[in-house]
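First comes the structure, then the notes that go with it.
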Amino acid sequence: MYILPRICSRHLRQLLGKSFFRYASTSSQDVPHVCIVGSGPAGFYTAQQILKGHPAARVDILEKLPVPFGLVRFGVAPDHPEVKNVIHTFTTTARNQRCTFIGNVEVGKDISIEDLQKAYTAVVLAYGADDDRTLAIKGEDSPNVISARSFVGWFNGLPQDKDLPVDLDVENVVILGQGNVALDVARILLTPISILQKTDISQHALDALSRSRVKKVYIVGRRGPLQVAFTIKELREMTKLPDCRPVIHKEDVENLDKVIKDLPRPRRRLTELLYKTCMEPSDTDTHLWSQASKEWELRFRLSPIEINEREGKVTGVKLAVNQLQGDDLINKKAVATSETEHIDCGLVFRSIGYKSIPIDPILPFDTRKGIIPNIKGRVKEKPGLYCSGWVSTGPVGVILNTMTGGFETGKIVLKDLEDGIITSEGKRGNEMIKEILESKGKQMVTFSDWDKIDEEEIKRGSVFGKPREKIADISEMLRVAKS
Ligand code: FAD
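The sequence shown begins at 381 in this note's numbering and counts up by one.
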């Protein structure tokens, strides 16, 4: 009878791994309560790691919006539904008995980080990069100079951007920036409505895009074709857009064949595609492109210096022609010359990157890098505070990179628990913060509330033959959540 537990424990140790077993004796008072701020990929992957690595830890995910998933819902383009499959994994995590989603709570406003630290063993900041970088040039505040971040939010049903005043009654558009977000914006502007209407793009955006007169989109970078930040999948999609022709200038790419072989693999494949699209297009593509009614054009070595407007309407962008300096083939620096160029257009998108903001005065913040200063996810000089995702690295990389970072931060929290660097004594978790939020009359959204919103959105989408129609109004989300 008494031998059995010992045999079981050895087998259990083998089955469940060392870290699981290490915590098996956790008593109810020292159950770790971990709070994660933000329910994007960083938040969910960090939560997943902590729940997997500790048999008793409880994880609460606080989200400022009433709905979860961050940029997977509000950033990823509507015509990339496969990318959103990560939501299934996040949903499994959220349904874990030891995980609690609390939406509609803005940390720094509804509750302070100090309060969270009193209630939780560890607080992980995973609140992303909600702001965008600006150009600081004349005319930037003119109507129809739009941040790509807001435009993406607009077509993805982000409440704060649903009324974006974007005027698509123009033929020429300039996008400043050559990353994947710039290509997402260009693709959405140029994709036939018949394709977009089958996606979960917001109906207000679809209506506006169906009246759009946009015919030509310039995608402008300050450096050259070897420095573009977009990736091959997104470029290939652009070359395959129906009724749309790519314009890549021969003088920009004709010498690239000499250096292609020396490039690292992803950059090599991307550069090959740029080169071939311009220099060696297939007969089919040449034929299709000759008949297209719309086009996009890559322009290199240009930095905006002024946005021109007349009578409240954008008329174009004045740009400095740059020279590239530096010995390294890829890491070259753009230096403006005295030469300038002008591109006529009626709409300008600024797509030069996102940035994080400090959400609470007690938080250390590196304003230059736009991140919370940290060492491997531990916030510098703030024991018990951690960070993960774009707020810790800056707005770089895809969901896969954010996943790796989230797992790493999760492991660091587990290690600090194990080493006794953080303790759970007196920490009551959400029991404590709910008291504070309730006293302020805050409506908290649970994951089952989200299920109701989800169900309602899918129902509304089916009316239009779409996978979902996102509710873009916070009070409406809250009403459905309560129903
Ligand atoms: P986020 O996803 O931004 O999550 C942060 C969360 O924190 C949000 O839900 C936010 O509402 C919440 N929050 C903010 N402030 C507070 C607060 N004070 N209190 C509580 N909660 C708060 N990657 C791909 O792999 N494929 C793609 O196709 C792709 N497309 C993209 C398109 C765009 C336009 C952008 C910008 C990015 C795209 N990415 C894509 C990259 C991917 O979205 C990021 O790697 C990832 O979302 C970063 O995760 P995060 O959790 O750090 O931030």
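Using N, Cα and C, we set each Cβ at its ideal position, and we do this for glycine too.
Opening and closing residue of the beta strand (DSSP E) in which residue i lies
i: ILE685; result: 682 to 690
i: GLY790; result: That residue, GLY790, is in no beta strand (DSSP E); its alpha helix (DSSP H) goes 779 to 798.
i: ALA700; result: 693 to 705
i: ASP724; result: 713 to 724
i: LEU544; result: No beta strand (DSSP E) holds LEU544; DSSP gives it neither H nor E.
i: LEU538; result: First-last for LEU538: undefined, no H or E at that position.
i: LYS674; result: 674 to 679
i: ILE482; result: 479 to 483
i: ARG730; result: 727 to 730
i: VAL417; result: 413 to 417
i: LEU709; result: No beta strand (DSSP E) holds LEU709; DSSP gives it neither H nor E.
Near the ligand FAD: residue i beta-carbon under 6 Å from a heavy atom
i: HIS468; result: no
i: ILE612; result: no
i: TRP830; result: no
i: ASP442; result: The displayed chain sequence assigns Leu, not Asp, to residue 442. LEU442 Cβ: within cutoff of the ligand FAD.
i: ALA506; result: yes
i: ALA566; result: no
i: GLU486; result: yes
i: SER419; result: yes
i: VAL414; result: no
i: ILE751; result: no
i: ILE779; result: yes
i: ALA422; result: yes
i: GLY774; result: no
i: THR571; result: no
i: ILE739; result: yes
i: VAL456; result: yes
i: LEU682; result: no
i: TRP534; result: no
i: GLY450; result: yes
i: THR782; result: yes
i: GLY557; result: no
i: VAL463; result: yes
i: HIS629; result: no
i: VAL561; result: yes
i: LEU615; result: no
i: LEU727; result: no
i: LEU445; result: yes
i: GLY785; result: no
i: GLY537; result: no
i: GLY769; result: yes
Beta-carbon separation (whole angstroms), residue i vs residue j, contact threshold 8 Å
i: TYR766; j: ILE792; result: 7 Å
i: GLY692; j: PRO523; result: 6 Å
i: LEU515; j: TRP676; result: Contact flag wrong, Cβ pair sits at about 21 Å.
i: TYR507; j: GLY809; result: Between GLY809 and TYR507 the Cβ distance is about 19 Å, and since that is not below 8 Å, they are no contact.
i: LYS444; j: GLU486; result: 4 Å
i: ARG603; j: LEU704; result: 6 Å
i: ILE430; j: ALA437; result: 5 Å
i: GLY686; j: VAL701; result: Looking at the sequence shown, residue 686 is not Gly but Glu. Contact doesn't hold; Cβ gap of about 14 Å is too wide.
i: ALA327; j: PHE729; result: Here the chain comprises residues numbered 381 to 863, so residue 327 is not present and cannot be evaluated.
i: PRO412; j: ILE517; result: Not really, about 49 Å apart at Cβ, beyond 8 Å.
Span of the alpha helix (DSSP H) around residue i
i: VAL633; result: 630 to 633
i: ILE854; result: 854 to 862
i: GLY528; result: It should be noted that the sequence gives Ala, not Gly, for residue 528. Its alpha helix (DSSP H) spans residues 528 to 535.
i: TYR507; result: It is not in any alpha helix (DSSP H) - TYR507 carries neither H nor E in the DSSP assignment.
i: ARG648; result: 645 to 659
i: VAL771; result: 770 to 773
i: LYS498; result: 493 to 499
i: THR666; result: 663 to 671
(message) My parser needs the alpha helix (DSSP H) runs of 4 or more residues fully inside the stretch 550 to 625; what are they?
(response) 560 to 570, 573 to 576, 583 to 590, 612 to 619
(request) Mind listing, in chain order, the continuous alpha helix (DSSP H) runs of no fewer than 4 residues lying wholly within the stretch 423 to 477? (result) 450 to 454, 466 to 474
(message) Just to confirm the assignment: which complete alpha helix (DSSP H) runs, minimum length 4, are found wholly within the stretch 805 to 830?
(response) 810 to 819
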